[in-house]
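Each residue of the sequence shown is one higher than the one before, starting from 42 at the first, in this note's numbering. Note that CB positions come from ideal geometry on N, CA and C, so glycine has one too. Computed from a predicted structure; not experimentally measured.
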Amino acid sequence: MAAAAAEGAAATALRAVLGRAAKAAERSGRAAEAVRVVAVGKTKPVSMVRELYDAGHRCFGENYVQEFVTKAPQLPEDIRWHFIGHLQSNKVKSLLAAVPNLHMVEGVDNVKIANHLDRAVSSLGRDPLKVLVQVNTSGEESKSGIDPSRCVELAKHVKLACPHLIFSGLMTIGMKDYSSTPENFKALVNCKLEVCKAIDMPAEQFELSMGMSGDFEQAVASSMAGSEDLSGLTASLGELHVESSALKDSEISHPGNAFDDDAIADDDVWDDVSDSPGHGSTLDREWAHRQNQFHKMGYRDGIAEGQKDIAQEGFNVGFGQSVHVGYKWGLVRGITSALASLPDNLKEKMFPNVQCRGQLQDLNNSVQEISAEDALQMFHESILRSSHSSEEPDATLKRATDSSRLQSLSKDLVILLHECPDVKVSEELTGDS
Numbered sequence: 042m043a044a045a046a047a048e049g050a051a052a053t054a055l056r057a058v059l060g061r062a063a064k065a066a067e068r069s070g071r072a073a074e075a076v077r078v079v080a081v082g083k084t085k086p087v088s089m090v091r092e093l094y095d096a097g098h099r100c101f102g103e104n105y106v107q108e109f110v111t112k113a114p115q116l117p118e119d120i121r122w123h124f125i126g127h128l129q130s131n132k133v134k135s136l137l138a139a140v141p142n143l144h145m146v147e148g149v150d151n152v153k154i155a156n157h158l159d160r161a162v163s164s165l166g167r168d169p170l171k172v173l174v175q176v177n178t179s180g181e182e183s184k185s186g187i188d189p190s191r192c193v194e195l196a197k198h199v200k201l202a203c204p205h206l207i208f209s210g211l212m213t214i215g216m217k218d219y220s221s222t223p224e225n226f227k228a229l230v231n232c233k234l235e236v237c238k239a240i241d242m243p244a245e246q247f248e249l250s251m252g253m254s255g256d257f258e259q260a261v262a263s264s265m266a267g268s269e270d271l272s273g274l275t276a277s278l279g280e281l282h283v284e285s286s287a288l289k290d291s292e293i294s295h296p297g298n299a300f301d302d303d304a305i306a307d308d309d310v311w312d313d314v315s316d317s318p319g320h321g322s323t324l325d326r327e328w329a330h331r332q333n334q335f336h337k338m339g340y341r342d343g344i345a346e347g348q349k350d351i352a353q354e355g356f357n358v359g360f361g362q363s364v365h366v367g368y369k370w371g372l373v374r375g376i377t378s379a380l381a382s383l384p385d386n387l388k389e390k391m392f393p394n395v396q397c398r399g400q401l402q403d404l405n406n407s408v409q410e411i412s413a414e415d416a417l418q419m420f421h422e423s424i425l426r427s428s429h430s431s432e433e434p435d436a437t438l439k440r441a442t443d444s445s446r447l448q449s450l451s452k453d454l455v456i457l458l459h460e461c462p463d464v465k466v467s468e469e470l471t472g473d474s
């Protein structure tokens, strides 16, 4: 048996990326150790992560809290875990409690999340946690991250006001098609220089995290060119498979199946022409099944396993105060979260129009900004009034504005779903609030 076959496809792919990273560093006049590769296991089974661990890799990352807290306890404790991307404040404590070997959070993009992390680390008695500030260098509205002009301000806050966090550097996520130009990466390097000067941080202690499997070589070149003080750069493997052609379909799990080893490949959701969208497809059957659950729970938990607890929030809060309101908000939030968390290739099948996919992402970002309690106040201004002894003079006006905003989000979702004939719009969603 060939060595590559013996070690497994994932390990072979990782070895290829490590080789590419080493060559990229060499071309830029630096040692291979200057580049740290973080293998990101989003939606991939535990068995695949363990394969890379057995091959000697120790640095792994995850993007979804629900998946992360399920997967990490099943793997060795000496893994150095990274959480990458946007982290919601209501998920902070559960993440830190479930993953004691969390090495770094890459994705602090506002003061609120920094403060939540700092308090959680303190309350759990953990050692100080390394964090990277996420910067939006591409200018894409769908991307999380602080504007480059404000990264110094946030870095100062973490450094000076969060004693239980260790400010370690900056991170950015490239373009969706992995075609980031060197300018995106050079912008982060420029931010680094500004931050180092502002907080008096030695450049050799500063880490940069940027680049994925399709563009990290550009990131290496951009960050190292003319910079003799770079000590850390993280090149992500995207969705762990690095180069999708290196993995067999049978090794790719589907997020709607609890991330188990036997889950079907993303491309196999529709098995043949007769089972394609509009012909009694898997998606149609799934939707019909979940419609019944909406009436009981107010959220869709099947397709978006990783988003289940987010969608459920609307129902949990709503049930004790107003079943209808919790249900309606759970429905809006659940559908949006479910669709937004689907694999890209499945979203492309459902929404062939790239503009619609962009609108879906924008809508999801807007929906996630509203908490369940805020949603209750928006729909029924009197529900929570009894719990407040007094209100600010502008409270009534604010509720009216918020209510209008949420109603607008509901209408936007209905309009978007009409662009996707494979998703049936429920009467509850289109009816009056």
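Give the range of the alpha helix (DSSP H) segment to which residue i is assigned.
i      : result
Met391 : 385-391
Cys187 : Per the sequence shown, residue 187 should be read as Ile rather than Cys. First-last for Ile187: undefined, no H or E at that position.
Ile154 : 152-165
Gln129 : Taken as a continuous stretch (DSSP letters only), Gln129 belongs to no alpha helix (DSSP H), as it is neither H nor E.
Val176 : Neither: Val176 is in no alpha helix (DSSP H) and is coded neither H nor E.
Leu116 : Leu116 -> no alpha helix (DSSP H), and no H or E assigned at all.
Ser133 : The sequence given here places Val at residue 133; Ser does not occur at that position. Run containing Val133: 133-139, per the alpha helix (DSSP H) assignment.
Met242 : No alpha helix (DSSP H) contains Met242, which DSSP labels as neither H nor E.
Glu194 : 192-202
Glu460 : Note, Glu460: premise wrong, no alpha helix (DSSP H); not H, not E.
Asp95  : 87-95
Where residue i and residue j are concerned, what is the direct C-alpha to C-alpha distance, given to the nearest angstrom?
i      : j      : result
Met391 : Asp385 : 10 Å
His476 : Val174 : Since the displayed the chain opens at 42 and closes at 474, residue 476 lies outside it and no answer follows.
Ala196 : Ala63  : 30 Å
Cys237 : Ile125 : 22 Å
Phe109 : Lys227 : 31 Å
Asn225 : Pro86  : 32 Å
Thr111 : Thr84  : 11 Å
Asn406 : Val455 : 16 Å
Met242 : Gly210 : 10 Å
Lys200 : Asp95  : 36 Å
Asp150 : Asp168 : 22 Å
Arg99  : Ala113 : 13 Å
His23  : Phe247 : The chain is shown from 42 up to 474; residue 23 falls before or after that span and cannot be answered.
Ala73  : Val230 : 19 Å
Ser449 : His459 : 16 Å
Lys388 : Leu380 : 7 Å
Pro393 : Glu245 : 46 Å
Asn131 : Ile411 : 12 Å
Lys452 : Cys397 : 15 Å
Ala51  : Ser163 : 37 Å
Asn142 : Asp119 : 7 Å
Val76  : Gly97  : 16 Å
Asp188 : Cys232 : 10 Å
Ser378 : Ser190 : 30 Å
Leu93  : Gln409 : 34 Å
Ala66  : Gln129 : 34 Å
Val373 : Gly49  : 42 Å
Arg68  : Arg61  : 11 Å
What are the start and end residues of the beta strand (DSSP E) that includes residue i?
i      : result
Glu248 : 248-250
Gly102 : 100-103
His144 : 143-149
Arg77  : 76-81
Gly60  : From DSSP, Gly60 is part of no beta strand (DSSP E) but of the alpha helix (DSSP H) over 50-68.
Ser399 : The question names Ser, but residue 399 is Gly in the sequence shown. Run containing Gly399: none in the beta strand (DSSP E); it sits in the alpha helix (DSSP H), 395-409.
Ser209 : 206-212
Leaving out five residues before and five after residue i in sequence, what residues of the same chain have Cβ atoms less than 7 Å from its Cβ?
i      : result
Arg91  : Leu116
Leu59  : Val78
Ser431 : Low confidence applies here, because Ser431 scores a pLDDT of 49, under 50, leaving its location unreliable and the question unanswered by this model.
Glu235 : Val193
Using C-beta distances below 6 Å, list every residue in its chain close to residue i, excluding the 5 sequence neighbours before and after it, in chain order.
i      : result
Val102 : One detail in the question is off: residue 102 reads as Gly in this sequence, not Val. Only Val79, Val81, His123, Ile125 meet the Cβ criterion.
His127 : Gly148, Ser185
Lys171 : Met145, Ile207, Ser209
Asp309 : With a pLDDT of 25 at Asp309, under the threshold of 50, the predicted position of this residue should be treated as unreliable, though the coordinate-derived value follows. Here the set comprises nothing.
Arg121 : Arg99, Cys100, His144
Thr213 : Val176, Thr178, Leu229, Met251
Asp403 : none
Residues in the same chain with beta-carbon distance under 8 Å from residue i, minus the five sequence neighbours each way, listed in chain order, please.
i      : result
Val133 : Ile154, His157, Leu158, Ala161
Gly165 : It should be pointed out that residue 165 corresponds to Leu in this sequence rather than to Gly. These residues qualify, in order along the chain: Lys134, Leu137, Ala138.
Ala239 : Val193, Ala196, Lys197
Gln400 : Asp453, Leu457
| query | Counting pairs of Cβ atoms below 8 Å between the segment 148-164 and the segment 202-209, do you hit three or more? | reply | yes
| query | Between the segment 184-193 and the segment 134-141, do three or more beta carbon pairs fall short of 8 Å? | reply | no
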